[in-house]
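Input: a single structure, listed below in structure tokens.
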Amino acid sequence: MARLNLLEETRYEKLPVTIYPDEHIASKKVAARIANLIREKQENNQPAVLGLATGQTPVGVYAELVRLHREEGLSFKNVVTFNLDEYYPMKPESAQSYVTFMNEHLFNHVDINRANVHIPDGTLSLDEIPAYCIEYERKISSYGGLDLQILGIGRTGHIGFNEPGSAPNSGTRLVTLDDLTRRDASRDFGGKANVPTKAITMGIGTIFKAREIILMAWNQKKAPIIRKAVEGEISSEVPATYLQLSDKVEFVIDTDAASELTRFKTPWLVKDCTWTDYLIRKAVIWLAQHTGKPILKLTEEDYNNNGMAQLATEKGPVYDINIRIFNEIQHTITGWPGGKPNADDSQRPERAVPAHKRVVIFSPHPDDDVISMGGTFIRLADQGHDVHVAYQTSGNTAVWDDDALRFVEFAIDFGKSQQLDTKQLENLYGNMRNFVAAKQPNQPDPKEILTVKGLIRKGEAIAGARFAGLPDDHIHFMDLPFYDRGKVQKNPVGEDDILQTMELLRSIKPHQVFAAGDFADPHGTHKICFDIVLKALQRLKATDDWVKDCWLWLYRGAWHEFEVYEIEMAVPLSPSEVERKRLAIFKHQSQKDRPVFPGDDAREFWVRAEDRTRETAHIYDELGLAEYEAMEAFIRYSF
Ligand code: F6R
């Protein structure tokens, strides 16, 4: 059932894709479609049979449905639901079950008849499952089949829990979860080891029978898998590609999730473009990387053979374009991240004046400063700038329990060695030890354990910042309140976080602010920390004169680096600076060897940092620029 695609721009896309500016707008649109379906069925006295998904993606849709119920009288009396999946084994009352999820996000807040709700049962014995699955399918059919199925997509390309290898005609069944899926779920479960290895899921064949299918995806994290699902060959390796065979599917995604699609990533391959400076830079770098040539060796033929003939004719000759872009990239490189004193700064990323700048480096967790921009941090201090570092959160969730105990033991032993009274401390220690011995996965720590964990990280951060050359009074621990609130509530940012940040900024009046610019994980601490800095600066701008001279630079945290065409300042590191940076990272002992939240990447933080900065230097080298050992990259953010 190949789809006829009449538009040049979307000719690589094998199914219909609707793109909205952000997930909020998109979620409202999807919710409105669901609401229309429910009302239409109500008018005809029919049930509306919905296939539902869990996970982060549909949360906004459910919130909007709840709003429509509360404020606009949308009734769910005629709604029958079938959820895609449930972990196995899983008790319905446990915090991570999809039953709990659905109750919290939807069912507890609307007038649905509970008898109409169906979620696969994670409590069955293994031999009960096959018959249960057949019955699940039969029940769906007994209501006349699903009117609408909504889907998210996993980074493995799974829909429901149909992992790579699933057959296109598969039915509801017990499956084994992919390792990547379990890693993605590990935060909810307090470690991957606690994530069930199996799940009961509707099959791809079951999903296909729905009369309408909407797959949603938000944010950059999903962009690579969306590209594969939309433009890739149909294959069991990416189960979502099977949806290309359906003529009733639509992908509803936001611009970030769409960013890897050909029409955005390399638009010159699919249409005539308006050649802005930014797009030219992006295209020329792409052409150099695609052909494996340095920029200055790109020829007219390279342009013509790779969809860039329009650029060559409109803005050529190509050698002039090459030189222009080469120079632009050349000018991003500077060994003077705080500006070079007494130098012509017209082609430099930073201003020469004032020669000595006041600088604030915001670090979401206590080690992001040295991991992500340690070389630049050290340079700024070495070059005599007035550098402050502000640790935005305590990072207390990421310390092992046994480390916390060990430090209290140390405090007791030290107290005893000085003949101090340590009785109270010993009592506290006894309680802490008992708690840790009986601790359940993901169980929140009591206050005193959190305090010890925070203090461990504080000591490490002080050691790291001192090593980078800062005096103690330039090291600030903000302990922003949202961080602890975030452990119990969903939208934790408060006025107090912003005011505290404004106060710190006001006391320093920086010329430069560095902040972690990680937008791929919108619910992550880094993004929240960035939003707080941005809001603080925006508010100060209205009242404080110094803000006019304050530039905001973004660095990237533990995830991927900026794209080369985005980089506005690249600070090269010599081999010995790479080594100094490594030693600064080593001060964070609690994060070495085996961090509590390693994320997707098994490498230690210092290895990740070195690999990434070497890779940036290597890309510059391959584009034909000078060859450096490593480079830290920044972009400037206008606010
Ligand atoms: C959930 C489900 C999964 C998720 C997918 C994306 O019921 O079946 O396929 O839709 O893993 O998860 P999020 O939305 O959390 O990124």
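The sequence shown begins at 672 in this note's numbering and counts up by one. Beta carbons are placed, not taken as given, at the ideal position from N, Cα and C, and that holds for glycine.
Exclusion of Phe778 from the 7 Å shell around the ligand F6R follows from its C-beta lying no nearer than that to any non-hydrogen atom of the ligand.
Taking 7 Å as the cut-off, one finds at least one heavy atom of the ligand F6R near enough to the beta carbon of Asp756. Leu819 has its CB no nearer than 7 Å to any heavy atom of the ligand F6R.
Taking each of His1056, Glu1281 and Gly1101 in turn and checking the Cα distance to Arg1253, the smallest one comes out for Glu1281.
Across the structure, Thr1122 and Asn1067 are spaced so that their CA atoms are roughly 8 Å apart. At least one heavy atom of the ligand F6R is found less than 7 Å from the C-beta of Gln727. Looking at the backbone, the Cα of Arg1279 and that of Val750 are separated by about 49 Å. DSSP places Glu999 in the uninterrupted alpha helix (DSSP H) bounded by Val989 to Gln1001. With contacts defined by Cβ atoms closer than 8 Å, Phe772 and Thr725 form a contacting pair. In this structure, Leu721 lies away from Leu822, with their beta-carbon atoms at least 8 Å apart. The continuous alpha helix (DSSP H) containing Pro801 extends over residues Ile800 to Ser813. Here Phe1190 carries a coil assignment [DSSP, helix/strand/coil].
DSSP places Asn754 in no alpha helix (DSSP H) but in the uninterrupted beta strand (DSSP E) bounded by Val750 to Asn754. In this structure, Phe1153 is the residue among Arg1137, Phe1153 and Pro1020 with its C-alpha nearest to the C-alpha of Ser1065. When rounded, the separation of the alpha-carbon atoms in Val955 and Lys1129 is 45 Å. Nearest Cα to Ser1309 within the set Val1204, Ser1178, His1231 and Arg1265: Val1204. At the C-beta level, Met1302 and Pro1008 stay beyond 8 Å of one another. For Gly1125, the distance from the CB to the nearest heavy atom of the ligand F6R is not below 7 Å. For Phe832, the shortest C-beta to heavy atom distance toward the ligand F6R is below 7 Å. Scanning the region 932 to 962 from its first residue to its last, the whole alpha helix (DSSP H) runs of 4-plus residues come out as 933 to 936 and 948 to 962. Counted as a single uninterrupted DSSP element, the alpha helix (DSSP H) harbouring Ala856 occupies residues Asp850 to Phe860. Glu684 counts as buried, since no fewer than 16 other beta carbons sit within 10 angstroms of its beta carbon. The DSSP assignment places 1146 to 1148 as complete runs of the beta strand (DSSP E) inside the region 1097 to 1161, in order along the chain (cut-off: 3 residues). In this structure, the straight-line span from the alpha carbon of Arg738 to that of Met873 is close to 28 Å.
8 Å or more divides the Cβ of Phe1190 from the Cβ of Ile1306. Taking each of Arg898, Val866, Ala1273 and Ile1042 in turn and checking the Cα distance to Ser765, the smallest one comes out for Val866. The ligand F6R approaches Gly823 closely enough that one of its heavy atoms is under 7 Å from the residue's Cβ.
Pairing Gly1228 with His1197 gives a Cβ-Cβ distance under 8 Å. Straight-line measurement puts the Cα of Asp1150 at about 22 Å from the Cα of Gln1183. According to the DSSP secondary-structure assignment, Gln820 is paired through a beta bridge with Gly722 and Ile884. Not one heavy atom of the ligand F6R sits closer than 7 Å to the Cβ of Ala1109.
In the DSSP assignment, the residues bridged to Asp925 are Tyr691.
In the DSSP secondary-structure assignment, Val1242 is bridged to Glu1303. With the rule of 3 Cβ pairs closer than 8 Å, the region 845 to 862 does not count as touching the region 729 to 744. Bridge partners of Tyr1226 according to DSSP: Ala1187. For the set Glu1174, Glu1298, Ile690 and Trp1224, the Cα lying nearest the Cα of Ala929 is the one of Ile690.
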